[in-house]
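Quick note, the sequences are listed as chains W and V, same order.
Residue 383 in numbering that gives the first Met the number 0 sits at position 384 of the first sequence, with consecutive numbering throughout.
Residue 104 in numbering that gives the first Met the number 0 sits at position 105 of the second sequence, with consecutive numbering throughout.
Cβ coordinates follow ideal geometry from the N, Cα and C atoms, glycine included.
As the structure is a prediction and not an experimental result, all values here were calculated from the model.
The structure appears right after this line, and notes come after that.
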Amino acid sequence: MSALITSSRISGAEIVKELAFFAVIALLMSVMILGVETVDRPTGLELAVRWDLVITAIISTIIGRLALIIRREHISRIGQAVLITVAAVAVFEMFVRFREMDDRWASPVFIDMAFGSVTSIVLAIAFIAIVFAIAYFSMKKVAAEEEESGSNLSAKIQLAYRTNTKKIGALGIVFFIIFPFLFGENRSAIDLATLVMIYIMLGWGLNIVVGLAGLLDLGYVAFYAVGAYSYALLSQHFDLSFWLCLPLAGIFAASFGIILGFPVLRLRGDYLAIVTLGFGEIIRVVLINWYDLTGGPDGISSIERPSFFGLAEFDRRLPEGVMGFNELFGLDYSTMHRLIFLYYLILVLALVTAFVTVRLRKLPIGRAWEALREDEIACRSLGINPTNTKLSAFAIGAMFGGFAGAFFATRQGFISPESFTFLESAVILAIVVLGGMGSQIGVVLAAIVMIGFPEMFRELAEYRMLIFGAGMVAIMLWRPRGLLSFRDPTILLNMSKKEKVAGEVK
Amino acid sequence: MSMLKIEGVHTFYGNIEALKGIDMEVNEGEIVTLIGANGAGKTTLLMTCCGSPQASKGRILFEDQDISRMPTHEICRLGIQQSPEGRRIFPRMSVYENLQMGASTQDPKYFEEDLEMVFDLFPRLKERINQRAGTMSGGEQQMLAIGRALMGRPRLLLLDEPSLGIAPLVVKQIFETIKKINREKKVTVFLVEQNAFHALKLAHRGYVMVNGNITLSGTGAELLANPEVRAAYLEGGH
Numbered sequence: 000m001s002a003l004i005t006s007s008r009i010s011g012a013e014i015v016k017e018l019a020f021f022a023v024i025a026l027l028m029s030v031m032i033l034g035v036e037t038v039d040r041p042t043g044l045e046l047a048v049r050w051d052l053v054i055t056a057i058i059s060t061i062i063g064r065l066a067l068i069i070r071r072e073h074i075s076r077i078g079q080a081v082l083i084t085v086a087a088v089a090v091f092e093m094f095v096r097f098r099e100m101d102d103r104w105a106s107p108v109f110i111d112m113a114f115g116s117v118t119s120i121v122l123a124i125a126f127i128a129i130v131f132a133i134a135y136f137s138m139k140k141v142a143a144e145e146e147e148s149g150s151n152l153s154a155k156i157q158l159a160y161r162t163n164t165k166k167i168g169a170l171g172i173v174f175f176i177i178f179p180f181l182f183g184e185n186r187s188a189i190d191l192a193t194l195v196m197i198y199i200m201l202g203w204g205l206n207i208v209v210g211l212a213g214l215l216d217l218g219y220v221a222f223y224a225v226g227a228y229s230y231a232l233l234s235q236h237f238d239l240s241f242w243l244c245l246p247l248a249g250i251f252a253a254s255f256g257i258i259l260g261f262p263v264l265r266l267r268g269d270y271l272a273i274v275t276l277g278f279g280e281i282i283r284v285v286l287i288n289w290y291d292l293t294g295g296p297d298g299i300s301s302i303e304r305p306s307f308f309g310l311a312e313f314d315r316r317l318p319e320g321v322m323g324f325n326e327l328f329g330l331d332y333s334t335m336h337r338l339i340f341l342y343y344l345i346l347v348l349a350l351v352t353a354f355v356t357v358r359l360r361k362l363p364i365g366r367a368w369e370a371l372r373e374d375e376i377a378c379r380s381l382g383i384n385p386t387n388t389k390l391s392a393f394a395i396g397a398m399f400g401g402f403a404g405a406f407f408a409t410r411q412g413f414i415s416p417e418s419f420t421f422l423e424s425a426v427i428l429a430i431v432v433l434g435g436m437g438s439q440i441g442v443v444l445a446a447i448v449m450i451g452f453p454e455m456f457r458e459l460a461e462y463r464m465l466i467f468g469a470g471m472v473a474i475m476l477w478r479p480r481g482l483l484s485f486r487d488p489t490i491l492l493n494m495s496k497k498e499k500v501a502g503e504v505k
Numbered sequence: 000m001s002m003l004k005i006e007g008v009h010t011f012y013g014n015i016e017a018l019k020g021i022d023m024e025v026n027e028g029e030i031v032t033l034i035g036a037n038g039a040g041k042t043t044l045l046m047t048c049c050g051s052p053q054a055s056k057g058r059i060l061f062e063d064q065d066i067s068r069m070p071t072h073e074i075c076r077l078g079i080q081q082s083p084e085g086r087r088i089f090p091r092m093s094v095y096e097n098l099q100m101g102a103s104t105q106d107p108k109y110f111e112e113d114l115e116m117v118f119d120l121f122p123r124l125k126e127r128i129n130q131r132a133g134t135m136s137g138g139e140q141q142m143l144a145i146g147r148a149l150m151g152r153p154r155l156l157l158l159d160e161p162s163l164g165i166a167p168l169v170v171k172q173i174f175e176t177i178k179k180i181n182r183e184k185k186v187t188v189f190l191v192e193q194n195a196f197h198a199l200k201l202a203h204r205g206y207v208m209v210n211g212n213i214t215l216s217g218t219g220a221e222l223l224a225n226p227e228v229r230a231a232y233l234e235g236g237h
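Structure representation (structure tokens):
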């Protein structure tokens, strides 16, 4: 081992000390989580101890830490690669063991698997070789250049993003427009894309309140609920069409935004968050308990689906005199038509949200929101009326939440208070924060990460949320201010954006 | 003619009486300074003129209109602009956007003209126009705060400690500019300062504040020569 360590910056004793410290931590953390298992025996539940897992955890921790030390202290490349390979095998070992907990241990799983047959030996060797190669070549420029190249890369990405924001946005829009053509036959892909798009729209709506105006709103789901119930109730009781109800739902939600806005005008930060949280819960509890109007926990079912702008319907069996969508365009009937139509509908709604936000940012009101986020006292002394500014942010943000809610109701065909819990607010807020407050494209990325990935990786079953949590922690470690957290001025004088960004990044 | 008239103003923070009956006057075209130690109530008086906090007793007249019960943003629309304590620029917005915010009460047709005027007074701001305001030096931020206030076309400019935390050379420059603003742009200036020497040299008249009361007043030169003022605020420094 000492031959591997060519650095003189750290002594062997120090390394041992550091490793011992982390071994103890690993022991403390794993003993309760991995080390004990309740087993159902004929005599009742008993505790079984799984020392093998604990030891695996400790060993992997030690190896991982050692790899970190080696990387940190710039020790030779082969040494690093060897250690990373061993660590990878250990992690794999632990992962397999963790999945098949009933297999009581005889010898390490990896070795069992590796020596099962000739093919598996080859596979095992190939696995080790690949890991080793990746580890070896990823550390090519270990010594002095390492940190520099890292920051250079991120600076380059930043520069590329900030100078080409518009192009990236346009590309994204084109991608989402052609999406149904790529996955037109895949029902689950369209469903997932629609779901992600709902959250993108909600994220953009909340972004106005949280990202631009800086008002931390933990009850955004309330406006979503108001929109959904407005549409459901209006269409059931007054037989109004979706296209008429959509603006009404927006207006209702906006007025609820103002109702929430008034009592919280003087509040900021944590206090505002608590009140908005309470507001979100009030709406939900009212929905549960006002049985006569909302149907309480039973919700509202068989909500009318939207027609094709009042011209045609999507149903297979149609009453006399009603045109079918497929007839209108001379197509064969397909259930996908409705789904793709819904997808485009939410896409248009979301794009309207984005467009309005971008426009508002350039208008005095949008500028006033941003200024209010930065410094309320300064705003006041410049003659900006903070009451109107805040209320308009709440109202406009809520309005888009209401639109999204009406869309949600018409897509699901069934709504109940279950869909509007605090968790939804938290997810929407997380999308805005992870995306980088105020960043439109950031919201899209975060919505895909937060909503799309967990759905796509459903096969991972119980590990899904584990990986999700790890991902959140990783984002907050490496990009603590969100994925895309740059605020560029909306107007630049006598200078191109490229020059400005280049000057800043240097 | 008196532009700003403060009559028997008392201001409270909870139960603490920060201003104990202030009477003072700022005449049109003057530079008036208010000096005093830390915690004397200088900033409170300036902020009371802007309506936050509001005076609990007394009257504040701006051009014979009582403004002591008006909300801050409306007072500002009458033609009173301030560069608040600690500058309070918008750090994540660019210099240009900060100046835009300053002009938010004004008709956009004046914008270009006013922008030129501000850049004329503070050429440094023109160089930094697209920079984030928070990344500038203290002196530049102070220039921006004054420039932002000027974008609101004030007739009365309230300045709260423009010399705070700024290099002496830059302080001199800023004070020169204040003089220029007053003389050439015909803006009346009410200046709150701890830097008594510079402030009194610049001002036509001055007031001295101790523990929420005005204890002395007079022309700048008189106060500079006053032994009490010298002992309390000038000796040992400068």
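The alpha-carbon separation between L264(W) and P479(W) amounts to approximately 29 Å. Taken through DSSP and simplified to helix, strand or coil, E303(W) comes out as coil. The C-beta distance from M398(W) to A253(W) rounds to 4 Å, short enough to fall under 8 Å.
Between C75(V) and L381(W) the beta-carbon gap is near 6 Å, inside 8 Å, which marks them as a contact. Listed along the chain, the chain V residues whose CB falls inside 7 Å of the CB of P363(W) are S103.
If you check the CB distance, G35(V) and V209(V) come in under 8 Å.
With a minimum length of 4 residues, the unbroken runs of alpha helix (DSSP H) contained wholly in the region 173–219 of chain W fall at 186–205.
Among the CB atoms of chain W, one or more fall inside 8 Å of the CB of S51(V). If you compare the alpha carbons of L341(W), G202(W), F393(W), C378(W) with that of C49(V), the shortest gap goes to C378(W). Spatial neighbours of G470(W) in its own chain (CB-CB distance under 8 Å, excluding positions within 5 residues in sequence) are listed in chain order as V448, F452.
I177(W) and S229(W) have their C-alpha atoms spaced approximately 32 Å apart. Sequence-distant partners of P305(W) (beyond 5 residues in either direction) whose C-beta falls short of 6 Å from its own C-beta, in its chain, are F241, T409. With a contact defined as Cβ atoms closer than 8 Å, G437(W) and F222(W) miss out at about 19 Å. Taking 8 Å as the cut-off between beta carbons, the residues of the region 369–399 of chain W near chain V are E369, A370, E373, D374, I376, A377, C378, R379, S380, L381, G382, I383, N384, P385, in sequence order.
Rounded to whole angstroms, the gap between the alpha carbons of G202(W) and L348(W) is 13 Å. Assignment of D22(V) by DSSP, reduced to helix, strand and coil, places it in the strand class. Here M23(V) is buried. Its C-beta has 16 or more other C-beta atoms within 10 Å. Residue environment: H236(W) is assigned as exposed (fewer than 16 neighbouring CB atoms within 10 Å of its CB, all protein chains considered).
Boundaries around V472(W) are those of the alpha helix (DSSP H), 462–477, since no beta strand (DSSP E) includes it.
Only C49, S51 from the region 29–61 of chain V bring a Cβ to less than 8 Å from some Cβ of chain W.
In the DSSP annotation of this structure, V347(W) is not part of any beta strand (DSSP E); the continuous alpha helix (DSSP H) holding it starts and ends at 335–361. Apart from sequence neighbours up to five positions away, the residues of its chain that approach F121(V) with a beta-carbon distance below 6 Å are M142, G146, ordered along the chain. Around R366(W), the beta-carbon contacts reaching into chain V at under 7 Å are E96, Q99, M100. Here A39(V) has M208, V209, N210, G211 as same chain residues with Cβ atoms under 8 Å from its own Cβ, once five neighbours each way along the sequence are excluded. Closer than 9 Å at the C-beta level to chain W, one finds these residues of the region 63–75 of chain V: P70, T71, H72, E73, I74, C75. Here A473(W) is exposed, its C-beta having fewer than 16 other C-beta atoms within 10 Å.
Distance between V321(W) and F180(W), taken at the CA atoms: about 28 Å. Not a single CB atom of chain W sits nearer than 8 Å to the CB of Q140(V). Listed along chain W, no residue sits closer than 7 Å to P122(V) by beta-carbon distance, the nearest being about 14 Å off. Residue contact check for P83(V) against chain W: a CB pair falls below 8 Å. Taking the Cα of D106(V) as reference, the smallest distance to any Cα among T47(V), G151(V), Q80(V) is reached at G151(V). By the C-beta criterion, the region 86–98 of chain V is judged to be in contact with the region 130–137 of chain V, since at least 3 inter-stretch pairs fall below 8 Å. Around the Cβ of N181(V), a 10 Å sphere holds 16 or more other Cβ atoms; the residue is buried.
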